[in-house]
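Colleague: Below is a structure I'd like to ask you about.
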Amino acid sequence: MNGVLVRTECLVRDYGNGAGLHGVDLAVPHGGVYGLVGPNGAGKTTLLSILAGLRRADAGRLDLAVGRDRIAMCPDTPQFEPWLTAAEVVGQSLGLVGRDAGPDGTRIADALADLGLANAANRRVGGFSRGMTQRLGLAVALVLDPELLILDEPTSALDPVGRAEVLTLVARLGRTRTVIFSSHILGDVQRVADTVGILARGRLLRQGPVGELIEQFVRPTWELRVRGDADRLCEFLHAQNWVTAVHARHDGALRVEATDRDTGERHLPAAISATGAALVDLNPVDADLESVFLALTGATA
Numbered sequence: 001m002n003g004v005l006v007r008t009e010c011l012v013r014d015y016g017n018g019a020g021l022h023g024v025d026l027a028v029p030h031g032g033v034y035g036l037v038g039p040n041g042a043g044k045t046t047l048l049s050i051l052a053g054l055r056r057a058d059a060g061r062l063d064l065a066v067g068r069d070r071i072a073m074c075p076d077t078p079q080f081e082p083w084l085t086a087a088e089v090v091g092q093s094l095g096l097v098g099r100d101a102g103p104d105g106t107r108i109a110d111a112l113a114d115l116g117l118a119n120a121a122n123r124r125v126g127g128f129s130r131g132m133t134q135r136l137g138l139a140v141a142l143v144l145d146p147e148l149l150i151l152d153e154p155t156s157a158l159d160p161v162g163r164a165e166v167l168t169l170v171a172r173l174g175r176t177r178t179v180i181f182s183s184h185i186l187g188d189v190q191r192v193a194d195t196v197g198i199l200a201r202g203r204l205l206r207q208g209p210v211g212e213l214i215e216q217f218v219r220p221t222w223e224l225r226v227r228g229d230a231d232r233l234c235e236f237l238h239a240q241n242w243v244t245a246v247h248a249r250h251d252g253a254l255r256v257e258a259t260d261r262d263t264g265e266r267h268l269p270a271a272i273s274a275t276g277a278a279l280v281d282l283n284p285v286d287a288d289l290e291s292v293f294l295a296l297t298g299a300t301a
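Residue numbers (this note's numbering): 1 to 301.
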């Protein structure tokens, strides 16, 4: 499969009324972190469930270069029997696949410690917060030491500190295995993903390394403020063939997109001067995954 661990071709899951997946062609490289992004209802959970073997596709092809026994998934809302302790839940996961807990239960203890639950090992999970339950779900998947780890919205119930800790863990795990994780929080995905797939309305719009997607779909942009006639400057910029868009913000700033960075840096100061305005501030806008998503979906920030 030429370094591809997971590949789908024309994958379809039809729920009716336009919901589901519509011809998804996915290619997940062997090793590293693959981030699947999209709004709620885009089809992320359906796609991940099919990859994990929890749901069937109606049509299409799925090729896995890994055995099913080497795949583990954590759903976005894991649920456990409330009378079990955290250690028992993780141990149950090992028992279901015929593995032992290691000397003195070290595998269980290590998995719980990795998710910040060492002190809650003997607590009944019925009293866990949603964030703790989500951490426990991650521990249940992680203790199996999978070659392919699938995480559906793993940070959705966590506070900022917990989210940062889980993202750090995901990045670390990606150095020794393949991790696919979904999120609608684009900043989280950009922080840890090597490769990204953008899903919207059941269709995979694009996939590739984050840097390549940004370079391909996001034009260089500057934010500027001037003293003088900003409206005249807007009209002047709109007429320039090197300007692709001008947006006037409610706070008086202008956002200018150019065909390329060198041209913009060379011509913007001259354009400001030509309209008689005085430059107050001029800064490049950092391109990010959100910009790619907005460009591909036609959504507005």
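Using N, Cα and C, we set each Cβ at its ideal position, and we do this for glycine too.
If you count every other CB in all the chains shown that lies within 10 Å of the CB of residue 270, and 16 or more means buried, which is it?
Modeller: One-based indexing of the sequence shown puts residue 270 at position 270. With fewer than 16 other Cβ atoms within 10 Å, it is exposed.
Colleague: Quick one: what's got a C-beta closer than 7 Å to residue 187's C-beta in the same chain, skipping five residues either side?
Modeller: As a working mapping, residue 187 is identified with position 187 in the sequence shown. Closer than 7 Å at the Cβ level, and outside the excluded window around residue 187, lies no residue.
Colleague: Which term fits residue 195, buried or exposed, when burial requires 16 or more other beta carbons within 10 angstroms of its beta carbon?
Modeller: For the purposes of this step, residue 195 is taken as residue 195 along the sequence shown, with counting starting at 1. The residue in question, residue 195, is buried, as its Cβ has 16 or more Cβ neighbours within 10 Å.
Colleague: Does residue 161 come out as helix, strand or coil in the three-state DSSP assignment?
Modeller: Counting from one through the sequence shown, the residue named residue 161 turns up at place 161. Note: residue 161 maps to helix in three-state DSSP.
Colleague: Please classify residue 46 as buried or exposed, where buried requires at least 16 other C-beta atoms within 10 Å of its C-beta.
Modeller: Walking along the sequence shown from the start, residue 46 turns up at place 46. Label assigned to residue 46: buried.
Colleague: Please name the residue, chosen from 155, 282, 267, 251, that lies closest to residue 192 on a Cα-to-Cα basis.
Modeller: Position 192 of the sequence shown, counted from the start, is the residue given in the question as residue 192. Closest option to residue 192, Cα to Cα, is 155.
Colleague: Consult DSSP for residue 293 and reduce its assignment to one of helix, strand or coil.
Modeller: Translated into the one-based positions of the sequence shown, residue 293 becomes position 293. Looking at residue 293 - three-state DSSP - the assignment turns out to be helix.
Colleague: So does the region 200-208 actually touch the region 52-61, counting three or more Cβ pairs closer than 8 Å?
Modeller: No, the region 200-208 is not in contact with the region 52-61.
Colleague: Using CA atoms only, rank isn't needed, just tell me which of 225, 24, 265, 260 is closest to residue 247.
Modeller: Taking the sequence shown and counting its residues from 1, the one referred to as residue 247 is at position 247. Selected option, being the one with the closest Cα: 225.
Colleague: Drop a sphere of 10 angstroms on the beta-carbon of residue 114, count the other beta-carbons inside from all chains shown, and report buried for 16 or more, exposed for fewer.
Modeller: Sequence index remark: in the sequence shown, residue 114 carries index 114 (1-based). Looking at its Cβ environment, which holds 16 or more other Cβ atoms inside 10 Å, residue 114 is buried.
Colleague: Nearest CA to the CA of residue 126: which residue from 109, 82, 49?
Modeller: Working through the sequence shown from its first residue, we reach residue 126 at position 126. That would be 82, whose Cα lies nearest to the Cα of residue 126.
Colleague: For the candidate residues 222, 65, 102, 97, whose alpha-carbon lies nearest to that of residue 253?
Modeller: Translated into the one-based positions of the sequence shown, residue 253 becomes position 253. Checking every option, the nearest Cα to that of residue 253 belongs to 222.
Colleague: Using the Cα positions of residue 39 and residue 295, report the straight-line distance between them to the nearest angstrom.
Modeller: In the sequence shown, residue 39 corresponds to position 39, counting from 1. In the sequence shown, residue 295 corresponds to position 295, counting from 1. Whole-angstrom Cα-Cα distance: 14 Å.
Colleague: Check whether the Cβ atoms of residue 89 and residue 108 lie closer than 7 Å to each other.
Modeller: In the sequence shown, the residue the question calls residue 89 occupies position 89. In the sequence shown, the residue the question calls residue 108 occupies position 108. No, the Cβ-Cβ distance between residue 89 and residue 108 is not below 7 Å.
Colleague: Pick helix, strand or coil for residue 301, following the three-state DSSP scheme.
Modeller: Here the question's residue 301 lines up with position 301 in the sequence shown. For residue 301, the predicted model reports a pLDDT of 47, less than 50, meaning its position is unreliable; a value from the coordinates is still stated below. Coil, per DSSP.
Colleague: What whole-angstrom Cβ distance do residue 232 and residue 275 have, given they're in contact under 8 Å?
Modeller: Mapped onto the sequence shown, residue 232 falls at position 232. Mapped onto the sequence shown, residue 275 falls at position 275. Going by Cβ atoms, the distance from residue 232 to residue 275 rounds to 5 Å, so yes, they are a contact pair.
Colleague: Would you tell me roughly how many angstroms separate the C-alpha atoms of residue 32 and residue 101, rounded to the nearest one?
Modeller: Counting from 1 along the sequence shown, the entry for residue 32 is found at position 32. Counting from 1 along the sequence shown, the entry for residue 101 is found at position 101. So the two alpha carbons sit approximately 27 Å from each other.
Colleague: Helix, strand or coil: how does DSSP classify residue 80 here?
Modeller: Along the sequence shown, read from residue 1 onward, the residue named residue 80 stands at position 80. Coil at residue 80, not helix or strand.
Colleague: Output the boundary residues of the alpha helix (DSSP H) element that contains residue 31.
Modeller: If you number the sequence shown from 1, residue 31 lands on position 31. No alpha helix (DSSP H) contains residue 31, which DSSP labels as neither H nor E.
Colleague: Tell me the rounded alpha-carbon separation between residue 79 and residue 134.
Modeller: Looking up residue 79 in the sequence shown gives position 79. Looking up residue 134 in the sequence shown gives position 134. The straight-line gap from Cα to Cα measures roughly 9 Å.
Colleague: What does the alpha-carbon distance come out to for the pair residue 189 and residue 42?
Modeller: In the sequence shown, residue 189 corresponds to position 189, counting from 1. In the sequence shown, residue 42 corresponds to position 42, counting from 1. Distance between the alpha carbons of residue 189 and residue 42: 16 Å.
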